[in-house]
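Input: a single structure, listed below in structure tokens.
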Amino acid sequence: MRELARKKGIEVPIEEFLELDRTWRELLTEVEQCRAKLNTVSRQVGELMRSGDRPAADRMRAQASGLKQSIETIEESLRKKDEALRELELQFPNLPHDSVPEGDTEDRNQIVTEWGEKPTLAREPRPHWDIATELQLVDFARGAKVTGSGFLVFTGFGARLQRALINFMLDFQTKQNGYTEVYPPYVVNRKSLVGTGQLPKFQDDLYWLERDNLFLIPTAEVPVTNLHQDEILDGDDLPIRYAAFSGCFRREAGAAGSDTRGLLRVHQFDKVELVKFVRPETSYNELETLREDAESVLRALGLHYRVTLMCTGEMGFSNAKQYDLEVWAPGVEKYLEVSSVSNFTDFQARRANIRYRPGHGERPDFVHTLNASGVALPRLMAALLETYAQRDGSVAVPDALQPYMGCNVIPRP
RNA sequence: GGAGAGAUGGCUGAGUGGUCGAAAGCGCUCCCCUGCUAAGGGAGUAAGUGCCCAAAAGGCGCUUCCCGGGUUCGAAUCCCGGUCUCUCCGCCA
């Protein structure tokens, strides 16, 4: 386990944890024995009172008081140990699966598949911010004025394209891929963020509403996964599959200057998120079908993309295995990450206490959780605009989107 | 934001200091009877968790009647704080 965590570049305090856990168990046994005794003594007091033997009852009472004292002492140290244990536990990352390549740099990531080809463009490549500005789809300047940099105003066909993509993707995931639609809150409490693993490590990346001690969600993963927090699910109901549209809010602390132009890195964006709760033994298969579901959106839109298997050092703290879906944006000549497809195994389930009952009368066990973007909007939109830019400056609308756009071209104004 | 009511097992719902993990009914499971899309009779039926056991079965405990504190030898029951739900008023997209 230590070695596996190290692959992710994280040192884990495992000896300390095991030792603490051992003493915690000892104390628990001890306190429970005391409680058992106290319970019997209390019962005896009741009996003696009823039989009218006051003196004997008083003697028992004194004994019970003593027991109570020692129980309180043990409970106190038990509580401290438990707290320390929990704190240590939160520092443990999820462990990488065997199939994950080892490494801590980008070049250790493996490209698993590519779909389609880089398109031959009707005209010279143009970055989407030029196209979007010219067609009056996005007002960057006013977004910055109203809120600040990294906040966008979609206008006209841009706003409509946004809405079309949302509806298209939701319909696609619910009707074709069988997900249940969910519309979650955009604001969550601390417990939920701890549950999915954003806290305590990544607090700086979140918008915090100090007055109410709540946070804006960085992804719908947080509210949707925590839907089943502290629940025991019926094994027969698994897998549970949700598709959720939501806004996402990310401070992107420390990301200034890199890929921040246009739609590439913004503080607020929309996304359709896919979340699954599955039986543990199925999770790696479910990961593949989840990836397929996320990919299918890009294919339906006719966009060239590739799938990357992230190496141990590059994937998230909570992940056991992670694919990234990157769509080709010919204008900026880059692959843009539009989806991260992850198996969290039991990592989130432990933190959020999400369990299932494998069979009738059996003991509950932790589920495995997975999620994928299906997919994030701004970068998708960037790829669309750059891919479907026409010679005359307009942008063609892919077939799948036409019913939602109500037109087959985004015209010049 | 103000006022009031409530929160009990899969469900309905009793329970105001000890034998209550909790009546009764419904539901569910098994059995009997009946031979038929009915009815009746009987038994069982909350969960979580620690330890023992190779494991299962099982056993010994602990915890749990919204949550957290308190009073008490002992709390579903009394006290304090909170959360949520419902009703009424106010405000509001």
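Positions 1 to 413 (the numbering used here) are the ones given, in order, by the first sequence. A virtual CB, placed ideally from N, CA and C, is assigned to each residue, including glycine.
Extent of the continuous beta strand (DSSP E) to which residue i belongs
i, result
"Ile-14", "Here Ile-14 belongs to no beta strand (DSSP E); instead the alpha helix (DSSP H) covers 14–51."
"Asp-324", "321–329"
"Gln-268", "268–278"
"Gly-247", "240–249"
"Phe-202", "Careful: Phe-202 lies outside any beta strand (DSSP E) and carries neither H nor E."
"Glu-231", "231–234"
Helix, strand or coil at residue i [DSSP, three-state]
i, result
"Arg-355", "strand"
"Arg-2", "helix"
"Leu-264", "coil"
"His-304", "coil"
"Gly-158", "helix"
"Ser-318", "coil"
"Ser-70", "helix"
"Phe-347", "helix"
"Glu-386", "helix"
"Val-367", "coil"
"Val-397", "coil"
"Glu-362", "coil"
"Asp-171", "helix"
"Tyr-183", "coil"
"Gln-7", "Reading off the sequence, residue 7 comes out as Lys, not Gln. Residue state, collapsed to three classes: helix."
"Val-297", "helix"
"Ala-64", "helix"
"Ala-253", "coil"
Residue i vs residue j beta-carbon contact at 8 Å
i, j, result
"Ala-396", "Val-327", "no"
"Ala-5", "Leu-95", "yes"
"Val-266", "Phe-157", "no"
"Thr-312", "Lys-7", "yes"
"Leu-233", "Arg-379", "no"
"Lys-271", "Ser-296", "no"
"Thr-387", "His-368", "no"
"Tyr-242", "Val-275", "yes"
"Leu-199", "Arg-251", "no"
"Asp-273", "Val-224", "One detail in the question is off: residue 273 reads as Glu in this sequence, not Asp. Cβ atoms of Glu-273 and Val-224: closer than 8 Å."
"Leu-18", "Leu-88", "no"
"Leu-290", "His-128", "no"
"Val-138", "Thr-120", "no"
First through last residue of the alpha helix (DSSP H) which encompasses residue i
i, result
"Lys-175", "Taken as a continuous stretch (DSSP letters only), Lys-175 belongs to no alpha helix (DSSP H), as it is neither H nor E."
"Glu-221", "221–225"
"Lys-191", "190–196"
"Gln-402", "402–405"
Within the region 80–156, ranges of the beta strand (DSSP E) (whole runs, at least 3 residues): Within the region 80–156, the complete beta strand (DSSP E) runs of at least 3 residues are 110–115.
Cβ contact (3+ pairs, closer than 8 Å) linking the region 188–195 and the region 299–317: Cβ pair count under 8 Å is below three, so no.
Any 3 or more C-beta pairs closer than 8 Å across the region 36–53 and the region 10–23: Look at the beta carbons and you see the region 36–53 not touching the region 10–23: under three pairs across the two are nearer than 8 Å.
Validate contact between the region 25–39 and the region 63–78 using beta carbons, cut 8 Å, 3 pairs: Contact between the region 25–39 and the region 63–78 is present, because at least three Cβ pairs lie under 8 Å.
Given 8 Å, three or more beta-carbon pairs between the region 167–176 and the region 137–146: Segments in contact, no.
Cβ contact check for the region 362–377 and the region 278–293: 3 or more pairs under 8 Å: With a cut-off of 8 Å, the region 278–293 and the region 362–377 count as touching, because enough Cβ pairs lie within range.
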